[in-house]
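Take the sequence shown: its position 15, counting from 1, is numbered 15 in UniProt numbering, and each next residue is one higher. Shown next, in structure tokens, is the structure this report addresses.
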Amino acid sequence: RSPPAVPLPVHPLLRGAVAQLKMATGVLQRVRGGLGRAKSGPVLVFSVLPTDDFLCFCCAFRGFTASSSRNREDSWFKSLFVRKVDPRKDAHSNLLTKNEESNLYKIQFHNVKPECLDSYNKLCEDVLPSIHADKYYPCELVGTWNTWYGEQDQAVHLWRYRGGYPALTEVMNKLRQNKDFTAYRKERGKMLLSRRNQLLLEFSFWNEPVPREGPNIYELRSYQLRPGTMIEWGNYWARAIRYRQHNREAVGGFFSQIGNLYMVHHLWAYKDLQSREDTRNAIWNHDGWEEVVYYTVPLIQHMDSRIMIPTKASPLQ
């Protein structure tokens with residue numbers, strides 16, 4: 001008679017990894033059921049290991065140490081979801097932009113001291129429109145906002161430079177000689193906690209942002225993509241944008257060139273929060289929208305949404 005089987009010891013981190021696999025199995029099976037209407041494309045589903053295979057799996061990894069197992073576990077588990085990137089023969093900036101135009105955009109995020117926000121807005125209203133209107137500077141103020149929901153006490157400015165990098169360099173050199181702008185920057189610095197910016201190009205399939213009358217609220221949706229997936233994102237959104245133009249909510253679409261790379265910004269306009277909710281819900285009535293969501297969500301590493309209110313100086317009202 002065979003002696004009873006003695007269970008092999010299982011490293012607690014490996015037990016946690018298999019528990020995560022089980023959880024992923026359930027989630028992905030539910031996703032597969034909910035997205036069964038998708039026209040094509042593989043659905044990734046894992047099978048939970050049988051008991052005997054699980055024991056063999058544990059034996060093979062008994063040598064893991066506690067100090068290094070966490071990093072290896074995370075790397076191994078995340079690798080199950082990594083999408084392969086197709087090779088390309090040109091920069092995505094050449095493939096996705098309006099080649100007949102050479103517009104460059106700069107987006108600025110200024111985190112303002114809470115007690116200084118009103119003074120900051122007044123300072124911007126006195127200076128920024130004059131630069132926008134002066135033909136001496138080859139740049140335009142597309143919009144300027146305060147964040148309403150999202151990061152609080154924040155100002156967002158979007159500039160367009162017609163002529164690309166040479167126009168940006170020209171504007172920067174001229175502003176250094178502008179005493180009013182120099183005084184503005186000095187005074188502004190007293191009001192800020194931090195600031196950052198990015199240089200952007202616009203997607204060829206989005207309309208160029210133009211001034212519009214208000215009142216509107218604006219949503220800036222920012223997506224940090226997985227490196228190498230910008231072309232795939234652009235291909236899906238080139239078809240998807242037609243679903244988002246029925247209420248003129250699509251304002252502009254951009255991707256970063258300098259700053260946080262593989263960053264996408266979509267700018268939308270709505271009459272109010274309820275209009276935003278109704279418009280976004282109505283999109284799901286269009287055949288094909290669920291497929292866009294299904295294939296673009298895996299490309300995203302992180303996403304953020306800001307609801308913004310235009311200031312008095314903003315051409316986008």
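Glycine is no exception: its CB is placed at the ideal position from the N, C-alpha and C atoms. Since this is a predicted model, take the numbers as computed values, not measurements.
In the three-state reduction of the DSSP assignment, Met191 falls in the coil class, being assigned neither a helical nor a strand state. Inter-segment contact for the stretch 121-137 and the stretch 180-193 is present: three or more beta-carbon pairs are separated by less than 8 Å. Nearest C-alpha to Phe109 among Gly214, Ile283, Arg239 and Asn260: Asn260. Bounds of the alpha helix (DSSP H) holding Thr279 are Leu273 to Ala282. Separation of the CB atoms of Tyr105 and Leu158 is rounded to 6 Å, and the pair is thereby assigned contact status at 8 Å. According to the DSSP secondary-structure assignment, Cys139 is paired through a beta bridge with Tyr161. As the crow flies, the alpha-carbon of Phe205 is around 8 Å from that of Ile241. Beyond the five residues adjoining it in sequence on each side, Arg160 comes within less than 7 Å, by CB distance, of Asn103, Tyr105, Cys139, Glu140 and Val142 in the same chain, given in chain order.
Secondary-structure assignment with DSSP links Val156 through a beta bridge to Phe109 and Trp145.
Distance check between Pro298 and each of Glu219, Gly228, Arg239 and Leu273 places Gly228 closest, using alpha-carbon atoms only. DSSP lists Glu219 and Ala250 as the bridge partner or partners of Trp268. Taking the Cα positions, Gln257 is about 11 Å away from Tyr165. Pro215 is positioned such that its CB atom lies closer than 8 Å to that of Gln317. A direct Cα-Cα distance of roughly 45 Å separates Val127 from Tyr294. From the listed residues Trp148, Ala238 and Glu151, the smallest Cα separation to His266 is found for Ala238. Residues Asn216, Tyr218, Glu249 and Val251 of the same chain have their beta carbon placed closer than 6 Å to that of Ala269, with the five preceding and five following residues left out of the count. Setting aside the 5 residues that flank it on each side, Pro129 is surrounded in the same chain by Ala313, each with a C-beta closer than 6 Å to its C-beta; the list follows chain order. Looking at Asn235, Tyr137 and Thr147, the one whose alpha-carbon comes closest to that of Met172 is Tyr137.
Residue environment: Pro114 is assigned as exposed (fewer than 16 neighbouring CB atoms within 10 Å of its CB, all protein chains considered). Beta-bridge annotation (DSSP): Met172 is not paired with any residue. Residues Leu299 of the same chain have their beta carbon placed closer than 7 Å to that of Glu232, with the five preceding and five following residues left out of the count.
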